[in-house]
Amino acid sequence: MQTVLFHSTIFGPIHSRRLGTSLGINLMPNDGKVCSFDCIYCEAGYNAQGTGTTGLPSRETVKSQLEEKLAAMKAAGERLDVITFSGNGEPTLHNDFGGIIDDTIELRNRYYPEVKISVLTNSTRLGNKSVAEALRKVDNNILKLDSAIESTVSLIDRPSPGYDLDEVINQIASFGKSAIVQTMLCRGRHNGEVVDNTTEEEIEALIAAYRRISPSQIMIYTIDRPTPEVLLGKVPREDLDRIAARITAATGISVQVSG
1 MQTVLFHSTI FGPIHSRRLG TSLGINLMPN DGKVCSFDCI YCEAGYNAQG TGTTGLPSRE
61 TVKSQLEEKL AAMKAAGERL DVITFSGNGE PTLHNDFGGI IDDTIELRNR YYPEVKISVL
121 TNSTRLGNKS VAEALRKVDN NILKLDSAIE STVSLIDRPS PGYDLDEVIN QIASFGKSAI
181 VQTMLCRGRH NGEVVDNTTE EEIEALIAAY RRISPSQIMI YTIDRPTPEV LLGKVPREDL
241 DRIAARITAA TGISVQVSG
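Heads up, the sequence shown is in my numbering, so the first residue is 1 and it goes up one at a time.
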């Protein structure tokens, strides 16, 4: 079974398809997963594997480990494009998320002032004032929207109880041009159900949501690494390019494709 990817708080740098040379920050346990989604495509596996034993790293731990890594990279003359909050679950669930963002901005400015700070979030915590304020401070506020159809979100993302798709779209829209919307496209089967968020109905619904949100950019991508759902497959690059062109034509918004 696919399990957690990251066994440290600071990891990389790695090459990101969307962001370049990226130093990662994992605010979740090093031996478990904590997330408000349980996506069938998640490279870190299903939530059923448990939350592990290490707990969430403290704000002080994140800051000291990040400074140590940035100082070493700077001394070695290593290149860096972005610092990315990702990892074994949803980073905004950390109760010191806002403070950690402030620390990261401070350290970025000291060691790599030209580097961007990115947060990959599933958009479930945008109603929290401190989370929203922190996201407005970062360079790349990347907000997930895999489908604009409730049943598809339930099938692919499997959100925690209380998730309201219409409310989430409104919350994403509140960020306006400071938002980048990220959509994972996939096809296959899960528990006997067909999975395909690239159909005519799906793309039309996404286009309507993108218009409503009016972000600075849209990112569409597909599966690149093993997932916990073995019957799930990637969308061919030519299909991604066709969908991207259609979205741009309908919305006037730039679409970045990773396939």
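Every residue gets a Cβ at the ideal spot worked out from N, C-alpha and C, and that includes glycine.
key: Bridge partners - residue 65, DSSP secondary structure assignment   = Paired residues: none, contrary to the question.
task = Out of 19, 8 and 5, state which residue places its alpha-carbon closest to the alpha-carbon of residue 219.
result = 19
query = When the Cα atoms are used, what is the spatial distance from residue 13 to residue 83?
reply = 9 Å
request  = Pick out the complete alpha helix (DSSP H) segments inside the segment 177-232, 4 residues or longer, and give them in chain order.
outcome  = 200-213
request  = State the beta-bridge partners of residue 153 as determined by DSSP.
outcome  = Note: residue 153 sits in no beta bridge, so no partner.
ask   = Pick from 224, 257, 255 and 248: whose alpha carbon is nearest that of residue 43?
value = The shortest Cα separation from residue 43 among 224, 257, 255 and 248 belongs to 224.
query = So does the segment 109-128 actually touch the segment 187-207, counting three or more Cβ pairs closer than 8 Å?
reply = no
ask   = Do you know how far the Cα of residue 195 is from the Cα of residue 106?
value = 43 Å
message = Please classify residue 164 as buried or exposed, where buried requires at least 16 other C-beta atoms within 10 Å of its C-beta.
response = exposed
request  = For my contact list, residue 142 and residue 169 are in at a C-beta cut-off of 8 Å; report their separation, rounded to the angstrom.
outcome  = So it is not a contact: roughly 16 Å between Cβ atoms.
task = List the endpoints of the continuous alpha helix (DSSP H) containing residue 109.
result = 97-111
message = If contact is defined by three or more beta carbon pairs under 8 Å, each pair taking one atom from either stretch, is the segment 136-156 in contact with the segment 45-64?
response = no
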